[in-house]
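*Asks:* Line order of the protein sequences matches chains A and B.
According to the numbering used here, the first sequence is numbered sequentially starting from 195.
According to the numbering used here, the second sequence is numbered sequentially starting from 6.
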Amino acid sequence: MPLIALEGVRYRYPEADGPALDGITTAVEPGQVILLRGPSGSGKSTLLRCLNGLVPHSTGGDFAGRVTVCGLDTRVHLPRELGARIGFVFQHPDAQFVLEDVEAELAFGLENLGLDRGVMRKRIEETIDQVGINALRHRRIATLSGGERQRVAIAAALAMHPAALVLDEPTSQLDPQAAEDVLQVVLRLVADLGMTTVIAEHRVERIAPFVDRIWTIDAGRLQDQAPREAVAKGGARPPVVDLALRAGWSPIPLGLRDARVRAQSLAAAIPDNPPADGAGTVIARLDRLGYSYPSARAVEDVSLTLRRGQVTALMGRNGSGKTTLLRLIGGTLRPQRGRLHSEGRVAYVPQDADALLFAATVRDELRGQPEDVIAPFQAWLPRYPRDLSAGERQQLAIAVVAGQADLLLLDEPTRGLDPVVKKALTSFLRLRAASGAAMLIATHDVEWAARTANRVLLMADGEVYADGPPRTVLSDSLVFATQINKLLGRGWLLPEEVPI
Amino acid sequence: MIRHPLAWCVWGIAGLCAAFIDRNPLLQVLLVLVVINVGLPHRRNPAMRHWKIGLALAVVPILFSAALSRFGRHVIFTLPGIPIVGGAWSWEAVAYGASTGVALLLTVAVFATLQANVRSADLVALLPRSLYRTGTVFALSLAFAPKTIASFQALLEARRLRGQRAGWRSAPGLVVPLLLTMLEQALQYGESLDARGYGSRRRSHYRPLGWSLFDGFVIGASLTSLILDLVLSPQPYNPYLDLAPSLPSAASLLSILLLATPALRGTPRMDHATNRA
């Protein structure tokens, strides 16, 4: 008997024109791991929220069909009644924290279940060990890093001993190492406890080798496929799959381990040196720039120049000072130390793009922008900006703020974007660079940075410790290497550039 | 040391009542001193930074009253015939605005002190299951004061980034996006409470709340202060009738002084969560 069953699920949000979910029938057996993928706005979050009844109980709208979890019909049972059976981890952990400190947060769900103190204590201790957060147990949540918060969010859901865990893009805001840590926690739960897991994730390369099924959702329609069949057909997939398809490997490897055996047959060629970078004129010059918050230094002694025509990726773990550096250059913070000189119009797009969108329609948001900026948004012009998906809002925010800037400062612009939109963003940025603009982009997305940037800066503890072309900086790094580089080394970064 | 959050809540309610009922400037000054004394041991707590917001809020009614009121015999200066602000600015108008401003300052200060001492977890735990909806709203309101400030700052910055006005004059244009942002956050937060089983059955307590003798002492003193405030007729202050305040009664003074009880043992709540990420 399946743990989760969806039968003819059809759902339309209030006042929406079309359905968000359109006739979905599928099932999850106990212990299975499901990867949910799909373009931005395709209905991933809506589908996940059906599993614990938040859709339709919290959202309203027209719901048809049936979702059962552990035999309970979500139309009859409220989300709070399903809370003990489905552990739900939201995309933004901050949205789900109710209390101030970690241990109280872990206990919150257990208190809601009315458990005895002794049982609660036992479960909390076990969960702390399983998720590896003993060092955090007495910390205030406000003092945790993004990765730590996500692990606490998982632990809080897990402590309730749910039959299944549902995670909505749990690594979207995390640096590569923190994302790896969080996914390792999930995979350990799967291996040790046989936890049934449904996970929406854009960074499929880390999790693809471990999933039993892949659900691909597009325009509200779902395809439930075996992993190899799903990745062969396209969508978000690991770079090794792209390489395997080019090389004609069969069966298709889903992870590095499977691919290594086949990769030995590839020619031991060395990629060409990258073209000389930095030919454009200087648009911004930073001289020993520094900034400290009352509790910690954020940027220390950073000296660099940004030139027209450059697309520079700024990488580093969460809290390394990337956002502060962007804000200093963008003028929303004043440098406390050092000097900064920039020319032309500087535009900064923060991580939370929602704050940038005030107007009633996308048309109003784009009023006054040139035709070429408006063109990609024709289909959305009458829509309310905050009704767009996270990825769509991000694109719109970039367009309204950075449309005509000479120096674009983008903070995590690929967060929540699907591969197609990421590719479009790459084209847009390259076009702007070719027309003489410069870009400095804080990102955790190694694969996208390798594909988009012609220069990479690595930051740690407020300092820039590596600066150079992607092939130099992203090669042979334990944390910031692309999957193809981890597979082949020798300076290769992307599947399409490897000679077959 | 106060251990039970209920003691702080009763103190807070009594403090707020005093702030709004006693408009005699002498009593208001005394109450400010009392609240400062109670809050002083917790001055390093981030919540106490909200005092600054209280000070900013306190200035607004003074400016409004002084600029718009044309009554009063004690003239500070006279502006020529400028629309709205032209005419005689009086000390009476300033005093009237200051009385409202101090009440606002005290409101923020009392809430800051509560926020520094009471965990929202403990307050949510105090509510019975039958008040599930109330509890949700209560938890939301506790979480939302700081989030609203952060959202407002983010919106101001966003306007600046889009080359739009970002000063106080732009505030009306921010109201709708701010309300929408808060509404979205409130919905997310409510969903989180639901998804984690809040209100599904009778709650148990992981950390049972303990009582101390001092808690009872604080509750007794605060309730006495509250009763004195509510039962005794308040001493009104109308600067337009008499700029000099009357001397407060002994009972009024006592009702304010009783609110200083928490300062008698003002050790801050143990906080082992000071490490920074």
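All C-beta atoms in this analysis are idealised placements derived from N, C-alpha and C, irrespective of residue type, glycine included.
Looking at the unbroken alpha helix (DSSP H) that takes in B/PHE25, where does it start and where does it end?
*Replies:* The residue you call residue 25 of chain B lines up with position 20 of the second sequence. B/PHE25 -> alpha helix (DSSP H) spans 10–26.
*Asks:* Could you confirm whether any beta carbon from chain B is found closer than 8 Å to the beta carbon of A/SER583?
*Replies:* To locate residue 583 of chain A, count along the first sequence from 1; it is residue 389. Chain B, which has no Cβ nearer than 8 Å to the Cβ of A/SER583, makes this no.
*Asks:* Can you confirm whether A/THR321, when its beta carbon is compared against all beta carbons of chain B, has any partner nearer than 8 Å?
*Replies:* Taking the first residue of the first sequence as position 1, residue 321 of chain A is located at position 127. Judged by the 8 Å Cβ criterion, A/THR321 is not in contact with chain B.
*Asks:* For the region 566–582 of chain A and the region 380–394 of chain A, state whether three or more C-beta atom pairs, one from each stretch, are separated by less than 8 Å.
*Replies:* Result no; under three Cβ-Cβ pairs closer than 8 Å.
*Asks:* Verify whether the separation of the beta carbon atoms of A/GLY710 and B/ARG207 is less than 8 Å.
*Replies:* The displayed coordinates of chain A run from 195 to 694. Any statement about residue 710 of chain A would go beyond what the structure contains.
*Asks:* Using a Cβ-Cβ cut-off of 8 Å, state whether A/ASP418 counts as contacting chain B.
*Replies:* For the purposes of this step, residue 418 of chain A is taken as residue 224 along the first sequence, with counting starting at 1. False, the Cβ-Cβ gap to chain B never drops below 8 Å.
*Asks:* Taking only beta-carbon positions, decide if A/TRP409 is within less than 8 Å of chain B.
*Replies:* For the purposes of this step, residue 409 of chain A is taken as the residue at position 215 of the first sequence. With 8 Å as the cut-off, A/TRP409 does not count as an interface residue toward chain B.
*Asks:* Please identify the residue among A/GLY212, A/SER629, A/ASN512 and A/PRO664 whose C-alpha is closest to the C-alpha of A/GLN367.
*Replies:* For this step, residue 367 of chain A is matched to residue 173 along the first sequence. Among A/GLY212, A/SER629, A/ASN512 and A/PRO664, the Cα nearest to that of A/GLN367 belongs to A/ASN512.
*Asks:* Going along the chain, which residues of its own chain have a beta-carbon closer than 7 Å to the beta-carbon of A/PRO186, five neighbours each way excluded?
*Replies:* The structure shown does not extend to residue 186 of chain A, since chain A is modelled only from 195 through 694, so no value can be given for it.
*Asks:* Taking only the alpha-carbon atoms, compute the straight-line gap between A/GLY341 and A/VAL376 and give it to the nearest angstrom.
*Replies:* The residue labelled residue 341 of chain A in the question sits at position 147 within the first sequence. The residue labelled residue 376 of chain A in the question sits at position 182 within the first sequence. Distance between the alpha carbons of A/GLY341 and A/VAL376: 7 Å.
*Asks:* Please list, in chain order, the chain A residues whose beta carbon lies closer than 8 Å to that of B/THR186.
*Replies:* As a position in the second sequence, residue 186 of chain B is number 181, starting the count at 1. Ordered by position in chain A, the residues that pass the 8 Å Cβ test against B/THR186 are ASP548 and ALA549.
*Asks:* Would you say B/GLN33 lies against chain A (beta-carbon separation less than 8 Å)?
*Replies:* In the second sequence, residue 33 of chain B corresponds to position 28, counting from 1. Taking Cβ atoms only, chain A never reaches closer than 8 Å to B/GLN33, which makes this a no.
*Asks:* Closer than 8 Å between beta carbons: that is the criterion. Which residues of the region 502–528 of chain A meet it against chain B?
*Replies:* From the region 502–528 of chain A, only GLY513, GLY524 and THR526 have a Cβ closer than 8 Å to chain B.
*Asks:* Going along chain E in order, which residues have a C-beta closer than 8 Å to the C-beta of B/GLY202?
*Replies:* In the structure shown, chain E cannot be found, because the protein chains are A and B.
*Asks:* Is it the case that the Cβ atoms of A/ALA507 and A/VAL650 are separated by a distance below 8 Å?
*Replies:* Mapped onto the first sequence, residue 507 of chain A falls at position 313. Mapped onto the first sequence, residue 650 of chain A falls at position 456. Result yes, Cβ atoms of A/ALA507 and A/VAL650 sit closer than 8 Å.
*Asks:* By the 10 Å Cβ neighbour count, where 16 or more other Cβ atoms means buried, how is A/THR219 classified, buried or exposed?
*Replies:* Indexing the first sequence from 1 puts residue 219 of chain A at position 25. Exposed.
*Asks:* Across which residues does DSSP place A/MET633 in a beta bridge pair?
*Replies:* Position 439 of the first sequence, counting from 1, holds the residue named residue 633 of chain A. A/MET633 is bridged to A/VAL505 and A/LEU602.
*Asks:* Can you check whether the C-beta of B/LEU131 is within less than 8 Å of a C-beta belonging to chain A?
*Replies:* Reading the second sequence from its first residue, position 126 is the one you call residue 131 of chain B. Closer than 8 Å: no.
*Asks:* From the beta carbon of B/ASN280, is the nearest beta carbon of chain A less than 8 Å away?
*Replies:* One-based indexing of the second sequence puts residue 280 of chain B at position 275. For B/ASN280, the predicted model reports a pLDDT of 36, less than 50, meaning its position is unreliable and no value from the coordinates is stated.
*Asks:* Taking a contact to mean a Cβ-Cβ separation below 8 Å, would you say B/SER197 touches A/ALA289 in this structure?
*Replies:* Taking the second sequence and counting its residues from 1, one reaches residue 197 of chain B at position 192. Taking the first sequence and counting its residues from 1, one reaches residue 289 of chain A at position 95. In contact: B/SER197 and A/ALA289 (Cβ atoms closer than 8 Å).
*Asks:* Identify whether A/ILE678 lies in helix, strand or coil by the three-state DSSP scheme.
*Replies:* Residue numbering aside, residue 678 of chain A sits at position 484 when the first sequence is read from its first letter. Helix.
*Asks:* Could you compute how far the alpha carbon of A/GLY277 sits from the alpha carbon of B/LEU233?
*Replies:* Working through the first sequence from its first residue, we reach residue 277 of chain A at position 83. Working through the second sequence from its first residue, we reach residue 233 of chain B at position 228. A/GLY277 and B/LEU233: Cα-Cα distance of roughly 47 Å.
*Asks:* Taking CB distances under 8 Å as the criterion, tell me whether B/TYR245 reaches chain A.
*Replies:* Translated into the one-based positions of the second sequence, residue 245 of chain B becomes position 240. Chain A, which has no Cβ nearer than 8 Å to the Cβ of B/TYR245, makes this no.
*Asks:* Whole-angstrom Cβ separation of A/TYR485 and A/PRO529, contact assumed at under 8 Å?
*Replies:* For the purposes of this step, residue 485 of chain A is identified with residue 291 of the first sequence, where counting begins at 1. For the purposes of this step, residue 529 of chain A is identified with residue 335 of the first sequence, where counting begins at 1. Between A/PRO529 and A/TYR485 the Cβ distance is about 6 Å, and since that is below 8 Å, they are a contact.
*Asks:* What residues from chain A crowd round B/LEU159, counting only those whose CB sits closer than 8 Å?
*Replies:* Along the second sequence, one-based indexing puts residue 159 of chain B at 154. According to the sequence displayed, residue 159 of chain B carries Ala and not Leu. The answer, in chain order, is PRO544, ASP546 and ALA549.
*Asks:* Using only the alpha-carbon positions, how far apart do B/THR186 and B/PHE157 sit?
*Replies:* Within the second sequence, numbered from 1, the residue matching residue 186 of chain B stands at position 181. Within the second sequence, numbered from 1, the residue matching residue 157 of chain B stands at position 152. Between B/THR186 and B/PHE157, the C-alpha separation is close to 9 Å.
*Asks:* Quick check: is the beta carbon of B/GLU167 nearer than 8 Å to any beta carbon in chain A?
*Replies:* Walking along the second sequence from the start, residue 167 of chain B turns up at place 162. The amino acid occupying residue 167 of chain B in the given sequence is Arg; Glu does not appear at that position. So, interface residue.
*Asks:* Counting only runs of 4+ residues fully inside the region 215–262 of chain B, write out the alpha helix (DSSP H) ranges in chain order.
*Replies:* For the region 215–262 of chain B, whole alpha helix (DSSP H) runs of length 4 or above, ordered along the chain, are 218–236 and 255–262.
*Asks:* In chain order, what are the residue ranges of uninterrupted beta strand (DSSP E) at least 3 long that sit wholly in the region 518–567 of chain A?
*Replies:* 531–536 and 540–543, all fully within the region 518–567 of chain A.
*Asks:* Identify the contact partners of A/ALA643 in chain B, using a Cβ-Cβ distance below 8 Å as the criterion.
*Replies:* If you number the first sequence from 1, residue 643 of chain A lands on position 449. Within 8 Å Cβ-Cβ: nothing; A/ALA643 doesn't reach chain B, min ~23 Å.
*Asks:* Please say whether A/ALA632 and A/LEU687 have beta carbons closer to each other than 8 Å?
*Replies:* The residue labelled residue 687 of chain A in the question sits at position 493 within the first sequence. The residue labelled residue 632 of chain A in the question sits at position 438 within the first sequence. Cβ atoms of A/LEU687 and A/ALA632: not closer than 8 Å.
*Asks:* Near A/ALA351, what residues of its chain come up, given a Cβ to Cβ distance below 8 Å and the 5 sequence neighbours on each side ignored?
*Replies:* By 1-based counting over the first sequence, the position of residue 351 of chain A is 157. Answer for A/ALA351: GLY281, PHE282, VAL283, GLY303 and LEU359, listed in chain order.
*Asks:* Might you give, ordered along the chain, the residues of its own chain that have their beta carbon closer than 6 Å to the beta carbon of A/GLY597, omitting 5 neighbours on each side?
*Replies:* In the first sequence, residue 597 of chain A corresponds to position 403, counting from 1. Excluding residues within five positions, the ones whose Cβ falls inside 6 Å are GLN563 and VAL567.
*Asks:* If contact is defined by three or more beta carbon pairs under 8 Å, each pair taking one atom from either stretch, is the region 229–243 of chain A in contact with the region 292–299 of chain A?
*Replies:* Not touching, per the Cβ criterion.
*Asks:* Check each residue of the region 284–298 of chain A: if its Cβ is closer than 7 Å to any Cβ of chain B, include it; give the result in chain order.
*Replies:* The residues in question are PHE284, ALA289, GLN290, VAL292, LEU293, GLU294, ASP295 and ALA298.
*Asks:* Give the range of the alpha helix (DSSP H) segment to which A/VAL673 is assigned.
*Replies:* Mapped onto the first sequence, residue 673 of chain A falls at position 479. Taken as a continuous stretch (DSSP letters only), A/VAL673 belongs to no alpha helix (DSSP H), as it is neither H nor E.
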